[in-house]
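In structure tokens, the structure reads:
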């Protein structure tokens with residue numbers, strides 16, 4: 196069953212605009228991760244935020260985590276056409292070697 | 015490192031045939047995961063291994079599905095007999111014990127006619 200649910204399901208923006216995607220989850224987590232998937236390819240890890248962190252940055256990516264609301268957001272600033280992809284959040288409920296549970300993703304289209 | 019390697023990239027078969035998907039994880043990674051992706055259900059965990067031992071196969075849809083990991087560098091996912099509803103993209107991913115980050119293969123696109 197899905198632990199995380201992304202919102203919106205699809206997002207279309209102009210190049211240069213910011214894109215914000217949200218993720219809600221159901222149970223307590225140790226960390227939350229965001230992945231990107233280009234069409235026809237496997238998922239690629241973008242960023243991990245731990246349950247005791249509230250915000251994290253990596254280049255043009257900014258991730259926030261609100262454990263009281265069981266939600267996270269991924270912000271991509273100054274978007275580019277190459278950012279067009281699907282973005283997934285994934286949660287890790289346990290420690291060590293427990294599996295990640297993925298949401299259904301947000302399809303982002305950046306129009307040049 | 016070549017990353018996680020899956021084969022074949024595409025598989026088209028007829029209903030009732032046996033299908034075997036293969037995965038080579040990244041060297042040194044001790045966890046391996048098989049996921050299935052469809053439009054309707056998203057990315058579903060089928061089974062995962064720690065140190066070559068199957069830990070949780072509750073995501074395997076039916077007895078027609080089986081997975082093995084005979085050594086640290088190879089795993090297979092077998093469907094016998096295959097059915098049209100098995101059509102999906104099957105991903106293998108691996109992870110080291112030092113990090114929670116998953117590394118995915120390029121997937122196998124399976125079409126069962």
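Chains as they are written, first to last, in the numbering used here: chain R, 196 to 307; chain A, 15 to 127. Every residue, glycine too, gets a C-beta built ideally from N, C-alpha and C.
List the DSSP bridge partners of residue i.
i, result
"residue 216 (chain R)", "R:269"
"residue 38 (chain A)", "A:19"
"residue 261 (chain R)", "R:266"
"residue 93 (chain A)", "A:33, A:79"
"residue 68 (chain A)", "A:63"
"residue 227 (chain R)", "R:244, R:286"
"residue 52 (chain A)", "A:56"
"residue 127 (chain A)", "Residue 127 (chain A) is not bridged to any residue."
"residue 199 (chain R)", "R:220"
"residue 251 (chain R)", "R:258"
"residue 109 (chain A)", "A:45"
If we define contact as Cβ-Cβ less than 9 Å, is residue i a contact residue for chain A?
i, result
"residue 230 (chain R)", "yes"
"residue 197 (chain R)", "At residue 197 (chain R), the pLDDT of 49 sits below 50, so the modelled position is not reliable and the matter cannot be decided from this model."
"residue 280 (chain R)", "no"
"residue 217 (chain R)", "no"
"residue 261 (chain R)", "no"
"residue 287 (chain R)", "yes"
"residue 223 (chain R)", "no"
Spell out whether any CB of chain R is found under 9 Å from the CB atom of residue i.
i, result
"residue 102 (chain A)", "no"
"residue 85 (chain A)", "no"
"residue 115 (chain A)", "yes"
"residue 71 (chain A)", "no"
"residue 47 (chain A)", "yes"
"residue 18 (chain A)", "yes"
"residue 91 (chain A)", "no"
"residue 30 (chain A)", "no"
"residue 124 (chain A)", "no"
Which residue wins for smallest C-alpha separation from residue i, given the options the options?
i, options, result
"residue 212 (chain R)", "R:234, R:238, R:286, R:275", "R:275"
"residue 220 (chain R)", "R:238, R:307, R:306, R:263", "R:263"
"residue 77 (chain A)", "A:87, A:92, A:86", "A:92"
"residue 36 (chain A)", "A:42, A:66, A:48", "A:48"
"residue 251 (chain R)", "R:235, R:236, R:229", "R:229"
"residue 43 (chain A)", "A:68, A:111, A:124", "A:111"
"residue 79 (chain A)", "A:64, A:32, A:125, A:69", "A:32"
"residue 65 (chain A)", "A:57, A:83, A:75", "A:83"
So residue i and residue j are supposed to be a Cβ contact under 8 Å. How far apart are they, rounded?
i, j, result
"residue 282 (chain R)", "residue 303 (chain R)", "6 Å"
"residue 215 (chain R)", "residue 268 (chain R)", "6 Å"
"residue 97 (chain A)", "residue 29 (chain A)", "6 Å"
"residue 52 (chain A)", "residue 86 (chain A)", "Actually they are not in contact, since the Cβ atoms of residue 52 (chain A) and residue 86 (chain A) sit about 29 Å apart, beyond 8 Å."
Going along chain A, which residues have a C-beta under 9 Å from residue i?
i, result
"residue 236 (chain R)", "118, 120, 121"
"residue 300 (chain R)", "56, 57"
"residue 243 (chain R)", "113, 114, 115"
List, in order along the chain, the chain R residues whose C-beta lies closer than 8 Å to that of residue i?
i, result
"residue 42 (chain A)", "Those do not exist, as residue 42 (chain A) stays about 14 Å from chain R at its closest Cβ, beyond 8 Å."
Along chain R, which residues have their Cβ under 9 Å away from the Cβ of residue i?
i, result
"residue 105 (chain A)", "237, 238"
"residue 59 (chain A)", "294, 295, 296, 297"
Identify the contact partners of residue i in chain A, using a Cβ-Cβ distance below 8 Å as the criterion.
i, result
"residue 226 (chain R)", "114"
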